[in-house]
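2 protein chains.
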Amino acid sequence: MDDTHISLAHGNGGCFMRELIEEIFQQHLYSSDVNTQVDAMSLSWAHEHIVMSTDGFTVQPLEFSGGDIGSLAVHGTVNDLAVTGARPHYLTLNVFIEEGFEIARLENIVQSLARAATDAGVSVVAGDTKVLNRGEGGGLYLATTGVGARDRDLDLGMHRIQAGDKILVSGEVGNHGIAVMLAREQFGLRGDICSDSACVLPLTTALLPLEGLRFMRDPTRGGLATVMHELCAATPYGVQIEQTAVPIADSVQTVCDMLGYDPYYLACEGRVVAVVAADEADAALAHWQALPDGENAAIIGTVSAETQQVILCTELGGERFLQELEDDPLPRIC
Amino acid sequence: MDDTHISLAHGNGGCFMRELIEEIFQQHLYSSDVNTQVDAMSLSWAHEHIVMSTDGFTVQPLEFSGGDIGSLAVHGTVNDLAVTGARPHYLTLNVFIEEGFEIARLENIVQSLARAATDAGVSVVAGDTKVLNRGEGGGLYLATTGVGARDRDLDLGMHRIQAGDKILVSGEVGNHGIAVMLAREQFGLRGDICSDSACVLPLTTALLPLEGLRFMRDPTRGGLATVMHELCAATPYGVQIEQTAVPIADSVQTVCDMLGYDPYYLACEGRVVAVVAADEADAALAHWQALPDGENAAIIGTVSAETQQVILCTELGGERFLQELEDDPLPRIC
Chain U
20 MDDTHISLAH GNGGCFMREL IEEIFQQHLY SSDVNTQVDA MSLSWAHEHI VMSTDGFTVQ
80 PLEFSGGDIG SLAVHGTVND LAVTGARPHY LTLNVFIEEG FEIARLENIV QSLARAATDA
140 GVSVVAGDTK VLNRGEGGGL YLATTGVGAR DRDLDLGMHR IQAGDKILVS GEVGNHGIAV
200 MLAREQFGLR GDICSDSACV LPLTTALLPL EGLRFMRDPT RGGLATVMHE LCAATPYGVQ
260 IEQTAVPIAD SVQTVCDMLG YDPYYLACEG RVVAVVAADE ADAALAHWQA LPDGENAAII
320 GTVSAETQQV ILCTELGGER FLQELEDDPL PRIC
Chain A
20 MDDTHISLAH GNGGCFMREL IEEIFQQHLY SSDVNTQVDA MSLSWAHEHI VMSTDGFTVQ
80 PLEFSGGDIG SLAVHGTVND LAVTGARPHY LTLNVFIEEG FEIARLENIV QSLARAATDA
140 GVSVVAGDTK VLNRGEGGGL YLATTGVGAR DRDLDLGMHR IQAGDKILVS GEVGNHGIAV
200 MLAREQFGLR GDICSDSACV LPLTTALLPL EGLRFMRDPT RGGLATVMHE LCAATPYGVQ
260 IEQTAVPIAD SVQTVCDMLG YDPYYLACEG RVVAVVAADE ADAALAHWQA LPDGENAAII
320 GTVSAETQQV ILCTELGGER FLQELEDDPL PRIC
């Protein structure tokens, strides 16, 4: 296409929009049998238990170490399906582009999105593009909706959690939040902390054979502490987290210490929190540690019948309550 | 909830966001068995042929005569499914809200969305909310993704179109575009033109029994002329439209004449264009005219083997080419 920047005409349904879709989205995103000129896509389906999930993405800046809004839009939705025990199959994509956005940059982001979709084994089957007036958008917003299928007999959820169950996390927490924060260069800080943004399907699939697997969730906005609060709200139990057991990269901890952030509240985009029966916790940990994305996995705590709070057992033998998140020190991280 | 305006904390995954979802979205949108605190929703499914569609909505202003961005977000996606011959079942919803947006206004829009979903017979099964910094959003953007099911034996599409087929439209064109334009009060114009925004499922369902039904589409962005251009691009044929046969409200034509707009390019959000075998065109028309939303339906033209262009046969016996849309006189109408 001849244009280098998005104009309102790229969103009006006419020839410029067709050109944009054909040359940017069709090229990178859709298999050749997907007709981007129809609004709905037919899907053949063999299973009966379908899972759907949807997510919007407004991360600022759009690119950061270890990913960009395109890969993030795939991982976010694919991971929401994966933690239910489903295998993701299809994605739809909504794109809101601000007038004046550089097309080369858009193309890079769409390529990144396409790679992430291929790596996760999902097909993008439908999409829609809108252009926002200059000044009425933060460059680019995305929304993805995913459809997956899962075994009808699989029963995972907070309702299965029992006192004494173990809590595991698949890797270091907080990397995504800090990577995005550093990309903003707001505090004059620089660093090589890479986002953990990734597809967690290998991690979730590895635990599915365990009968003692109760529940999985990806600790995104609000981080590990928020998943723990959701557990306390949905069950009669509380949780005790061992501070020294939670994997946190030294570099992440250093930035947190400097700026007064708490890594337990920072978003991850490629981690899984799992609750597993105590007698299978070691097996679950071994499954995870055998995977490339699970080498830092750890058993970090226990479900407790004694309280309905989230208690962090500190290095020095004290206890600290992790409160429910109110104000987010790092908004717009996904 | 105590707040009257959206703050960034409403998008951070913590307690304010939970409150917003529970008190605004859960209340209006989801049946009581939908858990809004999980990211993905399981769906039982009996059919095997699934259709998906997705659409973003950035209409300005958010409210207009005959609808708002909420009802529009349902109609847009439901109609994309309906014109494939599918029955829509499920919707997911993405909400991008600008910081400072009035919560009472948000609630009105969500209520309108919920009513439209109920009327169309679809359930909203998953959603996600993001808050945009003040000045980085046009108040509210929505994206909806729909899933429907259709008869495996149904074969509709441009590939079935033959020379001599008749082209029908289910009602007056251009009402939505002009209603939104008037709501902007840009030109000092006022009027009582009401958007045609509606669910077209009764219209599409009515034609499905006809063996001669070739193809249906809703003429949204780019209007009737754009659907006709899509037909010319996808088939070896052209179309001849009889100007006097196209239903256009006098009030819409008057505004178009004053401002130099062409009603053939204006968006509809509750109309269907159908291509039907010539010998069943009268039957199709009768089916539509028997419906409340089809009383102004008309046979407006013919598929022609002689040209690949869109020709408007004018009142005075002349011919005018309707060119492909380049620049849109009315952006942001959906």
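Chains as they are written, first to last, in the numbering used here: chain U, 20 to 353; chain A, 20 to 353. Even for Gly, the Cβ is constructed at its ideal location relative to N, Cα and C. Computed from a prediction, not measured in an experiment: that's the story for all the values here.
| Query | Result |
| --- | --- |
| Using a Cβ-Cβ cutoff of 8 Å, what residues of the stretch 126-150 of chain U are near chain A? List them in chain order. | Val144, Ala145, Gly146, Asp147, Thr148, Lys149, Val150 |
| Tell me, to the nearest whole angstrom, how far the beta carbon of Val141 (chain A) is from that of Gly165 (chain A); I am working on the premise that it is less than 8 Å. | 7 Å |
| Are Glu249 (chain U) and Ile319 (chain U) closer than 9 Å when you measure CB to CB? | no |
| Tell me the rounded alpha-carbon separation between Glu334 (chain A) and Asp74 (chain U). | 50 Å |
| Quick test of the definition: if touching needs 3 or more C-beta pairs under 8 Å, does the stretch 186-199 of chain A touch the stretch 282-298 of chain A? | yes |
| Count the other C-beta atoms from every protein chain shown that fall within 10 angstroms of the C-beta of Asp276 (chain U), then say buried if there are 16 or more, exposed otherwise. | exposed |
| What's the C-alpha gap between Arg134 (chain A) and Leu39 (chain A)? | 19 Å |
| DSSP state of Ala296 (chain A), grouped into three classes? | coil |
| Taking DSSP as the reference, what is the three-state secondary structure of Phe120 (chain U)? | coil |
| Which ranges would you report for the beta strand (DSSP E) in the stretch 194-248 of chain A if only whole runs of at least 3 residues count? | 232-236 |
| Give a yes or no on contact between the stretch 303-322 of chain A and the stretch 288-295 of chain A, applying the rule of three or more CB pairs nearer than 8 Å. | yes |
| In chain U, which residues lie less than 9 Å from Val329 (chain A) when you measure between Cβ atoms? | Within 9 Å Cβ-Cβ: nothing; Val329 (chain A) doesn't reach chain U, min ~13 Å. |
| Go through its chain and collect everything with a Cβ distance to Leu232 (chain A)'s Cβ below 6 Å, but skip five positions before and after it. | Leu226, Val295 |
| Counting Cβ pairs, one atom from each stretch, are 3 or more of them under 8 Å apart for the stretch 262-274 of chain A and the stretch 175-182 of chain A? | no |
| Whose C-beta lies closer than 7 Å to the C-beta of Leu100 (chain A) among residues of the same chain, with five residues either side of it excluded? | Val70, Ser72, Pro107, Gly165, Gly167 |
| Can you tell me which of the three DSSP states Leu81 (chain A) falls into? | coil |
| Using beta carbons (cut-off 9 Å, strictly below), is Leu112 (chain U) in contact with chain A? | yes |
| If you draw a straight line from the alpha carbon of Ser63 (chain A) to that of Arg169 (chain U), how long is it in whole angstroms? | Because Ser63 (chain A) sits at a pLDDT of 48, beneath the cut-off of 50, its placement in the model cannot be relied upon, and the following sentence gives the value as read from the coordinates. Near 11 Å, if we compare the C-alpha coordinates of Arg169 (chain U) and Ser63 (chain A). |
| Could you check if Thr263 (chain U) is buried or exposed, using at least 16 other CB atoms within 10 Å of its CB as the buried criterion? | exposed |
| May I ask you to list, following chain order, the residues of the stretch 195-219 of chain U that have a beta carbon less than 9 Å from some beta carbon of chain A? | none |
| Take Ile241 (chain A) and list the residues in its own chain whose beta-carbon comes closer than 6 Å to its own, dropping the five residues that flank it on each side. | It is worth fixing the name first, because residue 241 (chain A) is Gly in this sequence and not Ile. Answer for Gly241 (chain A): Leu344, listed in chain order. |
| State the start and end residues of the unbroken alpha helix (DSSP H) segment that holds Ile88 (chain A). | 88-101 |
| Can you confirm whether Gly75 (chain U), when its beta carbon is compared against all beta carbons of chain A, has any partner nearer than 9 Å? | yes |
| Taking Cβ positions, are Val78 (chain A) and Thr163 (chain A) nearer each other than 9 Å? | no |
| Taking all protein chains shown into account, do 16 or more other C-beta atoms lie within 10 angstroms of the C-beta of Glu118 (chain A), making it buried, or fewer, making it exposed? | buried |
| Check Ser63 (chain U) in the structure and name its three-state DSSP category. | Residue confidence for Ser63 (chain U) is low, a pLDDT of 47 falling below 50, so the modelled location carries little weight; the figure read from the coordinates is stated next. Residue state, collapsed to three classes: strand. |
| On a CA-only basis, which of A:Val144, A:Leu310, A:Gly257 is nearest Glu325 (chain A)? Give me that one, please. | A:Gly257 |
| Just list the residues that DSSP pairs Asn127 (chain A) with in beta bridges. | None; Asn127 (chain A) has no bridge partner. |
| Is there a Cβ from chain U that is less than 9 Å from the Cβ of Glu155 (chain A)? | yes |
| Would you mind working out which of A:Gln328, A:Thr23, A:Ile128, A:Lys149 sits nearest Pro255 (chain A), comparing C-alpha positions? | A:Gln328 |
| So is Thr223 (chain A) buried or exposed if we call it buried at 16+ other beta carbons inside 10 Å? | buried |
| Rounded to whole angstroms, what is the Cα-Cα separation between Arg153 (chain A) and Asp138 (chain A)? | 34 Å |
| Nearest to Lys149 (chain A) by alpha carbon, out of A:Asp174, A:Leu125, A:Asn113, A:Leu173? | A:Asn113 |
| When DSSP labels each residue in this structure, what does Pro266 (chain A) get in the three-state scheme? | coil |
| Can you tell me where the beta strand (DSSP E) with Gly146 (chain A) in it begins and where it stops? | 142-151 |
| For Ala123 (chain A), count the other beta carbons within 10 Å of its own beta carbon; 16 or more makes it buried, fewer makes it exposed. Which is it? | exposed |
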